[in-house]
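Chemist:
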Amino acid sequence: MPSFRHYLIATLLGVCLSAPFTYAAEAPTRADVQGSLDSLAERKLSETEQTQVKLALERTLALLDAQADSTQKLADLKKQLDQAPRLIGEAQRELERLKASQPAPIATRYANSRVDQLDALLSERSAQLNEWQKQIIEANSLIITAQTRPERAQAEIASSQARSQAINNILKNGREDNKPLSSEQRDQLAAELAQLTALTQLRRQELAGNSLLQDLGSSRRNLLEERIKRLEQELQSLQTLINEKRREQSEKTVAEQSEEAERVGSDKLLAQESALNLKLSDYLLRATDRLNQLTQENLKTQQQLDTLNQSDQALDEQISVLQGSLLLSKILYQQKDALPSLTVDKQLADQIADIRLYQFELSQQREEAGNPSAYIDKLLAQQPPENITPELRANLLDLLSTRRELLDRLNRELNALLNESITLQLNQKQTQSTAASLRATLDEQMFWIPSNKPLDLDWLQATPRMLERQVAELAWGANLRQLGAGLAERPWLFLPLLLLIAGLLWKRAFLSKKLADLHQDIGHFKRDSQLHTPLAILLNVLLALPGTLFFALCGFMLQMDGRGQNTNLGAALFEMAQAWLVFYTVYRMLTPGGVAELHFRWARHHVVFLHRQLRYLGLVVMALVAVVTVAEHQPSSLADDVMGIVVVLACYALMAWLLHRLLVSGPAREHASAFRMLLGLLVSLLPLALIAAVAFGYYYTALKLSDRLIDTLYLLMIWLIVEATFVRGLGVAARRLAYHRATAKRQAQAKEAASEGAEVVIEEPTLDIEQVNQQSLRLIRLTLLGAFIAGLYWVWADLISVFAYLDNITLYEYTSGTGETASLVPISVNNVLSALVIIGITVALGRNLPGLLEVLVLSRLKLAQGSAYATTTLLSYAIVGIGFVITLSTLGVSWDKLQWLVAALSVGLGFGLQEIFANFISGLIILFERPVRIGDVVTIGNLSGTVSKIRIRATTITDFDRKEIIVPNKTFVTDQLINWSLNDTVTRVIIKIG
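My numbering puts the first residue of the sequence shown at 1110, with every later residue one more than the last.
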């Protein structure tokens, strides 16, 4: 017995020693903490101490509330787990019962029900459907949470244990950050420890019952899906039955009025009134048909809206629970594919207006029918007295009574039709808005989360096996049969395009000869014109058009067919048609002796190099757009698309190599500036960045960016061609103007020589393309740059919204406000990108807006010399200053802080750069007050000469020995200055002789 006792003591001691040491700290009660908080003012603490104690007590209360919440959740969870087996069994049995039973047809069950009873039943079933849709959202949430719970719960438990150990150490030492703990801080740490303990217990219980919770969610979801499917079918059948009963009533009314019209006989007045009743009954029937149609559309739209709302409500929770996982990407792709294709009835607004107008006319008829005696007297007053009989009056009274009933029914039907039309219009707008919002959220999340696993060494080793499996799984036979059927069916629909392609191929030699004739006219003074280049470009487009039309025609045929993969292949062929049109047109223009060499005057070795490289780049781009388009239309298959990844990576690598040769290592580097070289290097690195994105698993993101980058490449090529065309046009205009002036001068000299009898010397006009009007060229380039930027926005517009996701990535925070209004404002990656965009816009405006202002406005005004330069210079400084302030404000440097920085810089620069600032201000004074002007002869000190340039910092004077002397502007303001030609160029000069 003693040995057993010793063994037990040793065992317990070993367990105690092996367990981590924890400091026993009892959490305070909520009442004690609240009492301490209420009596805080009585402790007479300093303001700083009182604030710290108050924050600690409030934090303690929050932790105690969190502990109570975790404890309650734990109790609810245990209860749910106890009931889960029973609930799962009941749900499975109910599902089996539903699948085994077939409900009776709605038309049989409610054949004898009235329309109002069916309407009430429809409303009741719709409310039940909404309730079940809310329940299925909860079931889906339960499943998703259970699927991701192990990783999240274990990470949270580990974090809680680490924090608990840290709290125990702090409580054991009695100090935190080398400061002793106060009683409030001890209570706060004890409350946090209790909250972490309760949270850990909750997470452990969730892990223990995770599979049971997942089974419970699955059983609930399966049952609710079956119930919702049956209820939607029941709603559809109910609505059909209601529509049939409405139509039966309207048809019965029409039949009664037709019989009444036949019964009135040949009496003209009775026939006229009976025809009016028949017309109203016909309109009632049409209104009923339209009401039934709108009701069906409204039911369908409402179901779409409910589905979208259900997806929208579940989306946020799915994103928060599955953030960054491949499961989330698959769910998002499925939801994107499941988005309904919305069709909006554009005639609803006009129909609503027509209904309101007809209701107004109907109200007038009801007023007339409401006073039958007056209406009948009015009718009989127009009849001969011998035709007026009591029988006629009685028949008219019967017809009017029937009309009154018709008008009442028609009014009710029109009210229902109007309400249904307005409801449908609102539902369609709301459905569109919800779908657009959901699509934007899906696009944003799909863009920024990985769609595939990273391409690590294991993936590379498994690539041949996965590629072989994907190729084997493709239904080559079925796809080829569908492709052949899609291209072979309905050929007569495309006969006009086929004839156009045949005609272009037949006229290909004629087009080539016409293009050669245009090339021969280039440089000839009389035959060359500004239209030659656009015509040559058009002929090259026509030569490229057969291939483009062939690809586009095949794509259109496949999309019309729509079977299997034909839709995706059709979209790919459309993109290939676009690539062929752009690249083949430019390829022909770069042919040696073609448009680029003869019209644009590009160097021949440049043209030969570009011609060869562009052919390879075009082939790579065509292959890339085909794969990218097919992959984009199948986002749910991206995770297993090994073939697409291999092709895309190969195309990216080839594009990077070709772009590097075109923009960096080729002839383009001969006269390129450092900025152009850097820009070319960045462009050539973009495909490598896309390779990195695919390698990290962002395959879908790379596909979306590839599409936009290729469109940007198209836009850039078109922009360069259009700019070169305008430059060529201005050059032709300048040469023709110079030629006409030289010819006129030669004719004048010939006439003068003939009159004097002397020998005529004929000079050929020397023509130089540099005689182009620089102002017009600058204006055209600025306009084309604006059009290019607008085109870039059009290309990237649908992806701009996805960058809102970067607002969720916080880089740092800054304090806004003071005192109680102080708050932390986050600065995200989006803010930094916005600041970079603002810097780019500032640089672009600072370089181009002053020149544009000078060309468009200042050059048309009668300004003194120097005023235009002063205005444009000050505008440049203002643009840079405003851009600088906006950039700092975007990065979190508020004006109340920035103004002190500006003041400090102003003082520092004022002392350190005193002379520079003095010359700057003096330059402004010279430009606006004009004590000297360009061309004035001045003397300042021992220096005399002519003013040739006036700049902001200094002025250039050319002395009488033609030496240029730089004089600081401060000298003209502070020193004595003699301006010999300020107001009068006649000056007295005293020369002493002897």
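Where a beta carbon is used, it is the ideal one built from N, C-alpha and C, also for glycine.
Below 8 Å between beta carbons: does that hold for Leu1325 and Leu1431?
Modeler: One thing to note: Leu1325 has its Cβ no nearer than 8 Å to the Cβ of Leu1431.
Chemist: Looking at the unbroken alpha helix (DSSP H) that takes in Pro1605, where does it start and where does it end?
Modeler: Leu1604 to Trp1615
Chemist: Nearest CA to the CA of Leu1647: which residue from Lys1623, Asp1637 and Leu1997?
Modeler: Lys1623 is the residue among Lys1623, Asp1637 and Leu1997 whose C-alpha sits nearest the C-alpha of Leu1647.
Chemist: For Leu1747, which residues from the same chain have a beta carbon less than 7 Å from its beta carbon, with the 5 sequence-adjacent residues on both sides left out?
Modeler: Same-chain partners within the cutoff: Ser1560, Asn1561, Ala1740, Tyr1808 and Tyr1809.
Chemist: Of all the options Ala1275, Ala1303, Leu1186 and Arg1890, which has the alpha carbon lying nearest to the alpha carbon of Thr1169?
Modeler: Ala1303
Chemist: What residue range is occupied by the uninterrupted beta strand (DSSP E) comprising Thr2067?
Modeler: Ala2063 to Asp2068
Chemist: Could you give the C-beta distance for Gln1237 and Ile1428, rounded to a whole number, given that I count them as a contact under 8 Å?
Modeler: Going by Cβ atoms, the distance from Gln1237 to Ile1428 rounds to 29 Å, so no, they are not a contact pair.
Chemist: So, Ala2063 versus Thr1996, is the Cβ gap smaller than 8 Å?
Modeler: no
Chemist: So what's Asn1796 in DSSP terms, helix, strand or just coil?
Modeler: Before going on, a small fix: residue 1796 reads as Pro here, not Asn. If DSSP states are grouped into helix, strand and coil, Pro1796 belongs with the helices.
Chemist: Roughly how many angstroms lie between the CA atoms of Ile1461 and Leu1527, to the nearest whole one?
Modeler: 6 Å
Chemist: Distance check for Gln2023 and Val2016, CA to CA, integer angstroms please.
Modeler: A straight line joining the alpha-carbon of Val2016 with that of Gln2023 spans about 10 Å.
Chemist: Return the CA-CA distance between Ile1351 and Arg1521, expressed in angstroms with no decimal places.
Modeler: Separation of Ile1351 and Arg1521 (C-alpha to C-alpha, rounded to the nearest whole angstrom) is 16 Å.
Chemist: What are the boundary residues of the beta strand (DSSP E) that Ser2057 is part of?
Modeler: Leu2052 to Ile2059
Chemist: Can you tell me the Cβ-Cβ gap for Thr1306 and Leu1417, rounded? I've got them flagged as a contact below 8 Å.
Modeler: Not a contact, Cβ separation roughly 42 Å.
Chemist: Any contact of the stretch 1752-1765 with the stretch 1727-1737, i.e. 3+ C-beta pairs under 8 Å?
Modeler: yes
Chemist: Shortest alpha-carbon distance to Phe1665 belongs to which of Leu1652, Met1685, Val1650 and Asn1649?
Modeler: Met1685
Chemist: Return yes when at least one heavy atom of the ligand GTP lies under 7 Å from the C-beta of Asn2088, else no.
Modeler: Looking for the ligand GTP in the displayed structure turns up nothing, as the structure carries no ligands at all.
Chemist: Which same chain residues end up closer than 7 Å to Thr1999 when comparing Cβ atoms and leaving out the 5 residues on each side of it in sequence?
Modeler: Asn1940, Ser1943, Ala1944 and Ile1947
Chemist: Have a look at Asp1425 and Ile1889 and give me their C-alpha separation to the nearest angstrom.
Modeler: 49 Å
Chemist: With 16 other CB atoms within 10 Å as the buried threshold, where does Ile2099 fall?
Modeler: exposed
Chemist: With distances taken from CA atoms, which of Lys2058, Asp1391, Glu1158 and Phe1805 is nearest Trp1568?
Modeler: Phe1805
Chemist: If we call anything under 8 Å between Cβ atoms a contact, is Ala2123 one with Leu1829?
Modeler: Residue coverage of the chain in this structure runs from 1110 to 2103, which leaves residue 2123 outside it and unanswerable.
Chemist: Among the candidates Leu1908, Leu1231, Val1938 and Phe1912, whose CA atom is the shortest distance from the CA of Tyr1921?
Modeler: Val1938
Chemist: Could you tell me the distance, in whole angstroms, from the CA atom of Leu1172 to the CA atom of Gln1297?
Modeler: 8 Å
Chemist: Which whole-angstrom value describes the C-beta separation of Thr1642 and Thr1834, a residue pair presumed to lie in contact below a C-beta threshold of 8 Å?
Modeler: 5 Å
Chemist: In angstroms with no decimal places, state the Cα-to-Cα distance between Gln1534 and Asp1454.
Modeler: 8 Å
Chemist: Buried or exposed for Val1773, going by 16 or more other Cβ atoms inside 10 Å?
Modeler: buried
Chemist: Taking the straight line between their C-alpha atoms, what separation do you get for Arg1080 and Gln1189?
Modeler: Nothing about residue 1080 can be reported from this structure: the residues present for the chain run from 1110 to 2103 only.
Chemist: Return the residue from the list Ser2031, Thr2067 and Asn2028 that minimises the CA-CA distance to Ile2043.
Modeler: Thr2067
Chemist: Buried or exposed: where does Arg1152 fall if 16 or more other Cβ atoms within 10 Å of its Cβ makes it buried?
Modeler: In summary, Arg1152 is exposed, with fewer than 16 beta-carbon neighbours lying within 10 Å of its beta-carbon over all protein chains present.
Chemist: Give me the residue from Thr1397, Ala1503, Tyr1392 and Ser1542 with the minimum Cα distance to Leu1448.
Modeler: The shortest CA-to-CA distance from Leu1448 to any of Thr1397, Ala1503, Tyr1392 and Ser1542 is the one to Ser1542.
Chemist: Would DSSP call Tyr1696 helix, strand or coil?
Modeler: Three-state DSSP puts Tyr1696 in a helix.
Chemist: Helix or strand or just coil, what does DSSP make of Pro1212?
Modeler: coil
Chemist: Hey, how far is the Cα of Leu1280 from the Cα of Ala1271?
Modeler: Each residue's alpha carbon lies about 14 Å from the other.
Chemist: Pick out the complete alpha helix (DSSP H) segments inside the stretch 1162-1225, 4 residues or longer, and give them in chain order.
Modeler: Counting only unbroken stretches of 4 or more residues, the alpha helix (DSSP H) elements lying wholly within the stretch 1162-1225 are 1215-1218, in sequence order.
Chemist: Is Leu1547 near Asp1750, with beta carbons less than 8 Å apart?
Modeler: no
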